[in-house]
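Asker:
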Amino acid sequence: MLYLRPIRRFCTAISSPNIFKSSISMNESSALVKLKNERNPDKLFHLFKANAQNRLVVENRFAFEDTVSRLVGARRFDYIEQLLEQQKTLPQGRREGFIVRIIMLYGNAGMTKHAVETFYNMHLFGCSRTVKSFNAALKVLTQTRDLHVIHSFLNEASQKFCISKDIYSVNIVIKAFCEMGFLDSAYLVMIEMEKLGIRPDVVTYTTLISAFYKNNRCEIGNGLWNLMILKGCYPNLTTFNVRIQYLVNKRRAFLANKLMGRMSLIGIKPDEVTFNLVIKGFFLVGNAEMAKRIYSAFQAQHYKPNCMIYQTMIHYLCQGREFDLAYTFCKDSMHKNWFPNVDTICMLLEGLLRNPKGKKAKVIMTLIQGRVPPYSVEEVGTFVHYLCKGKGYDLAYALCKDSMTKNLFPSVDTICMLLKELPINLKGKKANVLMTLIRGRVPPYSAEEVKTFENILSYKPKAVSG
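Residue numbers for the sequence shown follow the UniProt record's numbering, beginning at 1 and rising by one.
Right under this line is the structure:
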């Protein structure tokens, strides 16, 4: 039996480090869980700081971004600065990719000065600069919306650190200038960069084309489209969608549809955005039949409608008073937990309530009451208003009761409107139920508000003589 002793010792020597590593891993993982669940900004700061060298925390981009985001929400910019400055001094601060993340996190926090200083001081913590960190700082700087500052950094910083700008640098600046409304400056940046040997790509052209179209300078937008083709740079899906959007806005639905048909010739498959734009285009020119045909073609190609397409179909079918078809789309959409906007649903309910024998409005209201998350009290008030307007008193009562049961009480004006509108034969039972819920509200209504409700219920119109 003596030969068993060294074997047993050997096994123990191997298993102990595994157990040790496992316990470390569990501790590191638990830190991520604690960070995710911590809501107190002070505790969150100290917890993250204590885990500054925990690789699972530091290398987890979501944990980093989420922590900074919550500290921004708490307006604790001092904590953000301490955490990010601490990270620069650690071994990971020598990696450019990590410093790029620090720069972007400062940008997300609106701390532009700190982001740019991080770029300028990279050599102090042993990290080399390339166009990647340059582009990160440039992107953050565009948040300043200062044309001069962006231009200066683009030229001076690249010269100072011998960094060759790339097409991403150009696209960052062009996008920023377009968003600021400096379209001519954006175009000139493209021309200047092309002279330096940086060839515009499809993103460059698409950004400019979209901006000129949105600013009603369609001649330049069309010219850029032609220039792009002439230079051998072919449009992608986004470029086609931008042009189709322009044609739809100009009420040129047939041209938009024709362009969608041409996409497949160069191997680009239209997406849900493309179809939604063309469908909307035909509705806007009053050609509902063609819009429905496009939708049928969409389904025939084995696409599935998304929330945008449902919204478009329901909204414009209601406008065309095709409430039964709109109901079918709405029911299908709600079953998938895609709810059209409140105004569209109200328009549909108003139309469905014109058929007093129909049960379709009730089906829609049942789906509305089952929505997760529930509608806000303001939205419930809007529904109650339209239901009362369409004489759907039972449905308005059911919605109001359901909302109150969840402790989501509509405004006093909404409740007063419903109590006034309830027909005499419904006021007894249903008003009593509502008043019971009103009296049980937490926090309670004021005595004056309760008195207002009671006065409405006790009011009896005088008989007219003669």
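Note that the Cβ used here is the ideal one computed from N, Cα and C, for glycine as well. From a predicted model like this one, the values you see are computed outputs, not experimental measurements.
Could you compute how far the alpha carbon of R217 sits from the alpha carbon of F409?
Answerer: Going by the C-alpha atoms only, they are around 49 angstroms apart.
Asker: Quick check on the DSSP output: what are the complete alpha helix (DSSP H) runs of length 4 or more inside the UniProt repeat "PPR" (166 to 200), in order along the chain?
Answerer: Qualifying alpha helix (DSSP H) stretches, in chain order: 167 to 180, 183 to 195.
Asker: Tell me whether A300 is buried or exposed, calling it buried when 16 or more other Cβ atoms sit within 10 Å of its Cβ.
Answerer: Burial call: exposed.
Asker: If residue 469 and Y397 are in contact, beta carbons under 8 angstroms, what's the gap, nearest whole angstrom?
Answerer: Past the edges of the chain, shown from 1 to 466, lies residue 469, and the structure says nothing about it.
Asker: In this structure, does DSSP put T344 in helix, strand or coil?
Answerer: Reduced to three states, the DSSP call for T344 is helix.
Asker: For D66, does the three-state DSSP call read helix, strand or coil?
Answerer: Looking at D66 - three-state DSSP - the assignment turns out to be helix.
Asker: By Cβ distance below 7 angstroms, which residues in the same chain neighbour residue 474 in space, the five residues on each side in sequence not counted?
Answerer: Past the boundaries of the shown model lies residue 474; the chain is included only from 1 to 466, so the question cannot be answered.
Asker: Measuring only the C-alpha atoms, how far is E322 from K292?
Answerer: C-alpha separation (whole angstroms): 12 angstroms.
Asker: Using a 10 Å radius around the Cβ and a threshold of 16 neighbouring Cβ atoms, would you call N241 buried or exposed?
Answerer: Buried, since its Cβ has 16 or more Cβ neighbours within 10 Å.
Asker: Taking the continuous alpha helix (DSSP H) assigned at F113, which residues delimit it?
Answerer: It should be noted that the sequence gives Lys, not Phe, for residue 113. Start and end: 112 to 120.
Asker: In chain order, what residues of the same chain lie with their CB nearer than 7 angstroms to the CB of S458, ignoring the 5 residues before and after it?
Answerer: Contacts found: none.
Asker: Distance check for E59 and T118, CA to CA, integer angstroms please.
Answerer: Their Cα atoms are separated by approximately 19 angstroms.
Asker: Suppose contacts are defined by Cβ-Cβ distances below 8 angstroms. Is L56 in contact with F48 by that definition?
Answerer: No, the Cβ-Cβ distance between L56 and F48 is not below 8 angstroms.
Asker: Hey, would you say N121 sits closer than 8 angstroms to V68, going by beta carbons?
Answerer: No, they are not a contact pair.
Asker: Does T130 come out as helix, strand or coil in the three-state DSSP assignment?
Answerer: It is coil, neither helix nor strand.
Asker: Excluding five sequence neighbours on each side, which residues of the same chain lie with their C-beta closer than 7 angstroms to the C-beta of F298?
Answerer: Correct list, in chain order: F275.
Asker: Check K406 in the structure and name its three-state DSSP category.
Answerer: Reduced to three states, the DSSP call for K406 is coil.
Asker: Suppose contacts are defined by Cβ-Cβ distances below 8 angstroms. Is V278 in contact with M260 by that definition?
Answerer: It is a contact, given that the beta carbons lie within the stated cut-off.
Asker: Buried or exposed: N171, going by 16 or more other Cβ atoms within 10 Å of its Cβ?
Answerer: Flag for N171 reads buried.
Asker: Using the beta-carbon count (16 or more within 10 Å), is H335 buried or exposed?
Answerer: By the 10 Å Cβ count, H335 comes out exposed.
Asker: So the alpha helix (DSSP H) E378 belongs to, where does it begin and stop?
Answerer: Here the alpha helix (DSSP H) through E378 covers 377 to 389.
Asker: Note the first and the last residue of the continuous alpha helix (DSSP H) segment covering S296.
Answerer: Run containing S296: 288 to 300, per the alpha helix (DSSP H) assignment.
Asker: Among the residues of its own chain, which have a CB less than 8 angstroms from the CB of T89, if the five just before and after it don't count?
Answerer: Taken in chain order, the residues that qualify are F125.
Asker: Taking the straight line between their C-alpha atoms, what separation do you get for S22 and G93?
Answerer: With a pLDDT of 42 at S22, under the threshold of 50, the modelled position of that residue is not reliable, and no figure is offered here.
Asker: If distances are taken between C-alpha atoms only, which option among Y375, I368, L325 comes closest to G351?
Answerer: It is L325 whose Cα lies nearest to the Cα of G351.
Asker: Sorted by chain position, which residues of the same chain lie with C-beta nearer than 8 angstroms to F161's C-beta, five sequence neighbours on each side aside?
Answerer: Around F161: R129, F134.
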